[in-house]
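Asks:
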Amino acid sequence: MRIPIMDKLRVEGAHFVDSLGREVLLRGVNLSGSSKMPITEPTHLPADFSNHRQVSFTGRPFPLEEADEHYQRLRHWGFNVLRFIITWEAIEHEAPGQYDTAYLDYLTEVITLAEKYGFYVFIDPHQDVWSRMTGGDGAPGWTLEAAGFDISKLDASEAAITMQRRYPDYPVMIWTNNYLRLACNTLFTLFFAGNQLAPGVTINGTPLQDFLQNSFINAVAQVAQRIKDMPHVLGYGSMNEPGKGYIGLASLNDAEAIFQQMIWITPADSILLGAGFPRKVPRIEMRNFKPVMLDESVILNPDGISAWKQEDLWHQLGVWDFNANGQPEIKKPDYFAGVDFLTDGLMPFVKKFAQSIRRIHPDSILFLESTPTEAHRFTVDTRELGSCVNASHRYDELMLFTKTFTGEAALDVTTQQMIHGRPNVAQLYRDKFAELNTLSQTVMGGIPTLIGEFGIMFDMNGRKAYQDGDFSMQELALSMHYDALDSNLIHSTQWNYTPDNNNQWGDTWNLEDLSIFSRDQQNDPEDIHSGGRAVRGFCRPYVQRAAGKIRKIRFDWAHVSFETEIEMSASAPTLIYVPDIWYGDSCHIEVSSGTYSFGAAQQLVWENAEQGLQTIRITKAR
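Residues in the sequence shown are numbered consecutively from 234, following my numbering.
#1: What does the alpha-carbon distance come out to for the pair residue 234 and residue 835?
#2: CB residue 747 to CB residue 689, shorter than 8 Å?
#3: Per DSSP, what are the beta-bridge partners of residue 735 in this structure?
#4: Run through DSSP, which three-state label would residue 773 get?
#5: So, does the stretch 530–548 touch the stretch 499–509, judging by three or more C-beta pairs under 8 Å?
#6: Between which residues of its own chain and residue 369 is the CB-CB distance below 7 Å, once the five residues before and five after are set aside?
#7: What I want to know is whether the C-beta of residue 785 ends up closer than 7 Å to one or more non-hydrogen atoms of the ligand PLP.
#8: Give the range of the alpha helix (DSSP H) segment to which residue 296 is assigned.
#9: Report the partner residues of residue 836 according to the DSSP bridge assignment.
#10: Fully enclosed by the stretch 645–726, which alpha helix (DSSP H) runs are 4 residues long or longer?
#11: Quick one: what's got a C-beta closer than 6 Å to residue 843's C-beta in the same chain, skipping five residues either side?
#12: Report, in whole angstroms, the separation of the C-beta atoms of residue 425 and residue 478, which I expect to be a contact under 8 Å.
#13: Tell me which residues share the same chain as residue 471 and place their Cβ nearer than 6 Å to its Cβ, disregarding the 5 neighbours each side in the sequence.
#14: Would residue 761 and residue 722 qualify as a contact pair, given that the criterion is a beta-carbon distance under 8 Å?
#15: Touch check for the stretch 248–267 and the stretch 299–319: three-plus C-beta pairs under 8 Å?
#16: Let's see if you can read the secondary structure: which residues bound the beta strand (DSSP E) around residue 358?
#17: Check whether the Cβ atoms of residue 773 and residue 754 sit closer than 8 Å, and answer yes or no.
#18: Decide yes or no for the touch test of the stretch 509–523 against the stretch 600–612: beta carbon pairs closer than 8 Å, at least 3 of them.
#19: Where does residue 527 fall in DSSP's three states?
#20: Taking the C-alpha atoms as reference points, what is the distance between residue 561 and residue 553?
#21: Sort 530, 800, 529 and 493 by Cα distance to residue 520 and report the nearest one.
#22: Taking only runs that begin and end inside the stretch 484–568, name each unbroken beta strand (DSSP E) of 3 or more residues, in chain order.
#23: Below 8 Å CB to CB, which residues in the same chain sit around residue 845 once its five sequence neighbours on both sides are set aside?
#24: I'd like the span of the beta strand (DSSP E) that includes residue 880, first residue to last.
#25: Out of curiosity, what's the CA-to-CA distance linking residue 736 and residue 764?
#26: Just to confirm before moving on: does the CB-CB distance between residue 778 and residue 251 stay below 8 Å?
#27: Is it buried or exposed, residue 851, if we count other Cβ atoms within 10 angstroms and call 16 or more buried?
#28: Note down the Cα distance separating residue 792 from residue 659, rounded to an integer number of angstroms.
#29: Between which residues of its own chain and residue 232 is the CB-CB distance below 6 Å, once the five residues before and five after are set aside?
#30: Decide if residue 537 is buried, meaning its Cβ has at least 16 other Cβ atoms within 10 Å, or exposed.
#31: Could you check if residue 670 is buried or exposed, using at least 16 other CB atoms within 10 Å of its CB as the buried criterion?
#32: Determine the DSSP secondary structure at residue 470, reduced to helix, strand or coil.
#33: Could you check how far apart the C-beta atoms of residue 319 and residue 525 are, in whole angstroms? I think they sit under 8 Å.
#34: Pick helix, strand or coil for residue 643, following the three-state DSSP scheme.
#35: So, helix, strand or coil for residue 248, using DSSP?
#36: Do residue 769 and residue 687 come within 8 Å of each other at the CB atom, strictly closer than that value?
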């Protein structure tokens, strides 16, 4: 396979543009789901994290000897961009300022190789609920120790929920409940607003907020130093799905419904539980995604285990204390109310991150995202931040949290209303992508929209596809998502491609199973599609580079008919990906003007089209 030498892309308004003035549409994947974890520590294996300083991520996302296989498959499926997953822990797990050079050397090699297959790359410093030790991934364990926590006590004290300690008593998506727990909330609070909310808390004389942020940025800078001159590296995300912590809470005694599962926990409960006090909390059940209180309760942390190794930070700051009866109680329920997460926390960090990384990689693009509940307020001044992309995420929450899908029902999280009927579900998908695009063009200053994450649970509907080989529901779910992307003409990186996925443990992280590839589906290694899951759902024709402005893309997968309209303005050729999984070795092509031919990598080359609005239609050969 011969891929042309890659040129650098630039952001022009709401578009990516290449050196020939062509509009470039980016369609890709996140690589990979298992890059969240050290090479030998999937989350289903018991762990106490005592070795957190001696782990290795070398070989994530795949061993170098497998790189050609995976890159070739992804390129054959038409992808042209990779959201490349790294973690802070992978770079700096041993101690502050001590970097894993073996991992960085490996990472440099595997990113370099991506150019050979025509992939653009942007780096995602990934995290979920702060770290592996707090039920997710991302930050090194020493960050928790710096805040005063005893890592070995986090789960036992209810300061965190980890699969490593609780499986098999570990429901689907319960990891998100860590957004309500002490450890995750404390570290995000300290990271984004420690100078205001934990004044005087320092490490080696440096305010803890500054110490944490500087360490994070310096870790990503180690990567930037090594890849800054690679033309296919687009840029960097500032942080995946940053959490608010306790920042901005009006009262610690009031809880939001989001992320509640099985029990109802208030921020006050989380602080006092982690401080080592049993708490009686009500049980709940979810009805139409709304928590309903039951006439039952449960005692959490009955043994009174404290999550703290040093003095409880929030006790030290007077957030809670003992009453006259010697019982702990919240003394300052509005302690966190005077700080705004976006304006006082996230945006100052993003600016600091951008300035630091661009001192190393000046023309890099910043891929932005906020916590999903704050996306509508994420105002961006591109004059200050330079080239940016809205890389927000969008999932079908009903499918994600229940692992069921029929195409006939979905949840509108904005209205908390159920949507019924396939046409209405399809419209909801289109509308939700359109909302993100509207934010890009309004409060975010008219920048490109790239859906940084979307995807489906492949073990949906009771893992039926793994038993009978019928992935038609998965194909439908993906097709509906890609229809929505096409109708909005926006870029995307699907979550995810995990080379070591398997049917039993999925992506090997917290029971998630969203990989479009699995060795368990690979029955013919000589067939490049073998191992792919629901390939027809995500592998479809699209315009990769247009000699003008793309006005329309539509793929009718029921009739295998593709149509695009382009406002032609440049003399360079237009490149369209035409997958063999739909069209085989030949297809019927109609163009309104110009000539066409097939090039490498299943690309249709359309040249010499007249200026103005032009159309091409591709159907199956007659």
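Beta carbons are placed, not taken as given, at the ideal position from N, Cα and C, and that holds for glycine.
Replies: Checking against the coordinates, here is how it stands:
#1: To locate residue 234, count along the sequence shown from 1; it is residue 1. To locate residue 835, count along the sequence shown from 1; it is residue 602. For residue 234, the predicted structure reports a pLDDT of 37, less than 50, and the residue's modelled location is therefore unreliable. The matter cannot be settled from this model.
#2: In the sequence shown, counting from the first residue as 1, residue 747 sits at position 514. In the sequence shown, counting from the first residue as 1, residue 689 sits at position 456. Going by C-beta atoms, residue 747 is nearer than 8 Å to residue 689.
#3: Your numbering for residue 735 matches position 502 in the sequence shown. DSSP output for residue 735 lists 739 as bridge partner(s).
#4: Here residue 773 corresponds to residue number 540 of the sequence shown, with the count starting at 1. Looking at residue 773 - three-state DSSP - the assignment turns out to be coil, as it is neither helix nor strand.
#5: yes
#6: Numbered from 1 along the sequence shown, position 136 holds the residue referred to as residue 369. Once the five neighbours on either side are set aside, the close Cβ partners of residue 369 are 360, 361, 362, 363, 408 and 411.
#7: Summarising the ligand content, the structure contains no ligands, and the ligand PLP is consequently not present.
#8: Within the sequence shown, the letter at position 63 stands for residue 296. Segment: none, residue 296 is in no alpha helix (DSSP H) and carries neither H nor E.
#9: Your numbering for residue 836 matches position 603 in the sequence shown. Paired residues: 810.
#10: 655–674, 693–701 and 705–721
#11: Mapped onto the sequence shown, residue 843 falls at position 610. The residues are 826.
#12: To locate residue 425, count along the sequence shown from 1; it is residue 192. To locate residue 478, count along the sequence shown from 1; it is residue 245. The Cβ separation is near 7 Å, so the contact holds.
#13: Against the sequence shown, residue 471 aligns to sequence position 238. The answer, listed in chain order, is 583 and 586.
#14: Taking the sequence shown and counting its residues from 1, one reaches residue 761 at position 528. Taking the sequence shown and counting its residues from 1, one reaches residue 722 at position 489. For residue 761 and residue 722, no; Cβs fall outside 8 Å.
#15: yes
#16: Numbered from its first residue, the sequence shown carries residue 358 at position 125. Residues 353–358.
#17: Here residue 773 is taken as the residue at index 540 of the sequence shown, counted from 1. Here residue 754 is taken as the residue at index 521 of the sequence shown, counted from 1. Contact flag unset, no.
#18: no
#19: Walking along the sequence shown from the start, residue 527 turns up at place 294. Correct three-state label for residue 527: strand.
#20: Within the sequence shown, numbered from 1, the residue matching residue 561 stands at position 328. Within the sequence shown, numbered from 1, the residue matching residue 553 stands at position 320. Going from the Cα of residue 561 to the Cα of residue 553 covers about 7 Å.
#21: If you number the sequence shown from 1, residue 520 lands on position 287. Comparing Cα positions, the closest option is 493.
#22: 512–520, 523–533, 553–555 and 561–563
#23: Locating residue 845 in the sequence shown gives position 612, counting from the first residue. Cβ neighbours of residue 845 beyond the five flanking positions: 800 and 801.
#24: Absent from the model: residue 880. The displayed extent of the chain is 234 to 855, so no value can be given.
#25: Counting from one through the sequence shown, the residue named residue 736 turns up at place 503. Counting from one through the sequence shown, the residue named residue 764 turns up at place 531. Using only the alpha carbons, I get a separation of about 11 Å.
#26: For this step, residue 778 is matched to residue 545 along the sequence shown. For this step, residue 251 is matched to residue 18 along the sequence shown. Cβ distance < 8 Å, so residue 778 and residue 251 count as in contact.
#27: Against the sequence shown, residue 851 aligns to sequence position 618. Burial call: buried.
#28: Position 559 of the sequence shown holds residue 792. Position 426 of the sequence shown holds residue 659. If you take the alpha carbons of residue 792 and residue 659, they lie about 18 Å apart.
#29: Because the chain is modelled from 234 through 855, residue 232 falls outside the range shown and cannot be assessed.
#30: To locate residue 537, count along the sequence shown from 1; it is residue 304. By the neighbour-count rule (16 or more Cβ atoms within 10 Å), residue 537 is not buried but exposed.
#31: Your numbering for residue 670 matches position 437 in the sequence shown. By the 10 Å Cβ count, residue 670 comes out buried.
#32: On the sequence shown, residue 470 is found 237 positions in, with the first residue counted as 1. Reduced to three states, the DSSP call for residue 470 is strand.
#33: Taking the sequence shown and counting its residues from 1, one reaches residue 319 at position 86. Taking the sequence shown and counting its residues from 1, one reaches residue 525 at position 292. Going by Cβ atoms, the distance from residue 319 to residue 525 rounds to 40 Å, so no, they are not a contact pair.
#34: Sequence index remark: in the sequence shown, residue 643 carries index 410 (1-based). DSSP places residue 643 in strand when its eight states are reduced to three.
#35: For the purposes of this step, residue 248 is identified with residue 15 of the sequence shown, where counting begins at 1. In the structure shown, residue 248 sits in a strand (DSSP, three-state: E or B).
#36: Start at 1 with the first residue of the sequence shown, and residue 687 comes out as number 454. Start at 1 with the first residue of the sequence shown, and residue 769 comes out as number 536. Contact: no.
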